[in-house]
Structures are given as C-alpha cells and as structure tokens.
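Residues are numbered in this note's numbering as their position in the sequence shown, beginning at 1, plus a constant of 10.
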Amino acid sequence: MSLNPVICSKCFKPVLFLWCRDDSGLCESCVTAIPVSTLELYKLLVSPISNNGLWSVNPDIDFKDVRIFVEECLRPLKAKQYQNLLTSQSASIRGLVAVLETFLPPPRDLSDSVVAKQIADFDRKVFNIETELSASRKQFNLLRKASRRMSLNSKISALQKQMTNLEWQKHEFILGGYDEAATIRKHSVDRIKKDLSLFASGLLEMEEIRHTHRVHWELLKPTGDSWEELLRHYSRLERITNHRYDLQRLKILYDIRPISGQTIFMWERLHSRDMSCLYSNVVKSLH
Ligand SMILES: [Zn+2]
C-alpha cells in the first residue's frame, strides 16, 4: 500500500505525518507554535490513525512505505509518489528516520552475561584461527617444494574463509541476529542516515542538480577472502528483491586490483544496475 494523507488538527492541511500528543495531531508548521517545554511530548507518527479522537500508530504502515517517502523527501526532484506532500525540514526527516528505525529489531544488550559469553566464544575462535594462520604462513615461507606450498596455500585460504565467516557471524549476532529482511533494512537506514547528513548541509541538493549519483560503498575486509561474503549479500538481495544479479561479472570486478585515484563513471545508456559498468577502466573488458 502507499501512505494516506491525514489532516492537521489545527490548520486542516493534508499531510503524510503528524506530530501527535493525545488528541492533538499537528503538521510540521503548526507544531512550531508549541512551547519548547512541551515539544518533547509530541511524537512524529506517519499517516497515524485516530481512535476516539486519540492519535496512534497506524499498524498497516510498513517499512517500505516510509522508506520511499523519506527517500523522496531527500531527493524531491526524483519524487514520483508523494511530490506534493514532501518535507524539506531536516528535523522532520530525522523524525521519519526514527520511525524507520522502529521497524528494525533492537540490537543485543552487550552487557548481558549470556551475550558477552557468546561474543567471547567468537573472539576465542577467531584468535585460534589467527594463531593457526600465522603459523601456516611462517611455514609456507620456509617451504621450497611446489606441491607442499600449493597444499599449504589451500589450507591458508580455507582458514581465511573461516575467519571471514566467523567475523561476519559475530557482526550479525551483535546486530541482534537480524534475518535477511532486517539486514537489508538496516543497510537502507544506514544509507538514508548518510544522505540525511548530506541533505542537512545542502550537498545532496547539489548532487541532484548536477545529475550525478552518489555511490555508497564500503571497504572490504583487509584480511581474508571477501568473495564468499559478497556472494551471501547478493544472494540475500536476490531473494528479497526478486532481482537477478550477474555474479560472473561481479567476480570479474572483484578480481580487479584496486587502482589509486580511480574515477567512477556511470553510463545511462547501458541501463545497468550492477557495478560492472561503473568503472571506466573495465568497461572495455566487459563490453
Ligand atoms: Zn497544521
């Protein structure tokens, strides 16, 4: 479903969210007239419902509805669904992001003794693998026979993969054992938060005017083989978005060594959704 407008209790303007307190539901303009001392009693609710005059959370609203609305507020020139109902106020968008976060499972309580023990277990396993890796690498440097070096190299690769998996499992455990859908949501919220900080400083608007695109990226782990992790990520995306990725092309990109000062371009005519046509220096090899 898409979000339905609600009416401000004071000015009767149709809006998609209200600052609510009991029977008072105010739009972002009217709420500015509230004394600062009582402002914190108001809570931003998206397309709320009114029961016997009291405003409450609309249980039919889902993460996707709110995400699309927030993204359109951040990039109004690209808005398709809510053009006339967007907000440009950073404070309001921050409130909307807080609503998005209510759809994420709470992170684990790290002070809990059971949780702390499980994290210690992860750390112990990682330490053991690191110790074995270190010993294997030293042994590798001493070996001369090619067949034995090859065999040990396979063992080192397997250990690196084990370590990457353990680190990933620990990361997911700390996040609260997010399932696939929650992991994707968490990534969306993190991305939107980054956009919001750019929006607040006016940089996102400049990006829209110049018709450029910001690519969100993060460094792969400095140790271990991240390929398995990438595969898991794209497999998750495939299941959730029902979109198919060309993993073979992704592997080609993955195998390319980083180049200092690399410039990233995107060619609209290629209508590409994967990364393979983003890199100027690999376009020739891929097309
Ligand atoms: Zn109003």
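Every residue gets a Cβ at the ideal spot worked out from N, C-alpha and C, and that includes glycine.
Under the three-state DSSP convention, the category residue i falls into
i      : result
Leu64  : strand
Ser47  : helix
Ile71  : coil
Ser270 : Bear in mind that a pLDDT of 48 at Ser270, under 50, signals an unreliable position, so the number given afterwards is only what the model happens to contain. Residue state, collapsed to three classes: coil.
Pro86  : helix
Reference residue i, options the options, closest by Cα
i      : options                        : result
Phe113 : Ile194, Phe150, Tyr255, Asp133 : Ile194
Ala108 : Ser12, Leu95, Ser19, Ser198    : Ser198
Glu177 : Thr42, Ser236, Ala145, Leu241  : Ser236
Pro117 : Ala43, Tyr255, Tyr188          : Tyr188
Arg147 : Lys127, Ser161, Val136, Lys135 : Ser161
Glu50  : Ile262, Glu142, Asp133, Trp29  : Trp29
Leu301 : Ser164, Arg104, Thr141         : Beyond the ends of the chain as shown, which are 11 and 297, falls residue 301; an answer cannot be given.
Glu140 : Ser123, Lys165, Leu169         : Leu169
Lys171 : Val136, Leu152, Gly35          : Val136
Ala101 : Phe209, Lys180, Asp256         : Phe209
Glu238 : Val16, Leu257, Ile59           : Leu257
Ser167 : Gln128, Ala89, Ser144          : Ser144
Asp265 : Arg254, Leu240, Asp122, Thr174 : Leu240
Glu142 : Lys180, Lys165, Ser98          : Lys165
Glu182 : Arg159, Arg242, Ser121, Gly212 : Arg242
Pro15  : Asn61, Asn163, Cys37           : Cys37
Unbroken beta strand (DSSP E) run spanning residue i, endpoints
i     : result
Leu54 : 53-56
Leu36 : 34-36
Boundaries of the alpha helix (DSSP H) in which residue i is found, first to last residue
i      : result
Cys30  : Element bounds for Cys30: not the alpha helix (DSSP H) but the beta strand (DSSP E), 27-31.
Asp131 : 123-152
Gln99  : Where Gln99 is concerned, there is no enclosing alpha helix (DSSP H), given that its DSSP letter is neither H nor E.
Arg159 : 156-184
Leu206 : 190-210
Lys261 : 257-265
Ser245 : 237-251
Item to check | Nearest-residue set for ligand 1, Cβ under 6 Å from any heavy atom | outcome: Cys18, Lys20, Cys21, Lys23, Leu36, Cys37, Ser39, Cys40
Checklist entry - Are the stretch 69-84 and the stretch 110-128 in contact at 8 Å, needing three or more beta carbon pairs? => result Flag = yes, the stretch 69-84 and the stretch 110-128 touch.
Checklist entry - Can we say the stretch 76-88 touches the stretch 202-210, given the rule of at least three CB pairs closer than 8 Å? => result yes
Item to check | the stretch 52-68 contacting the stretch 119-132, beta-carbon criterion three pairs below 8 Å | outcome: no
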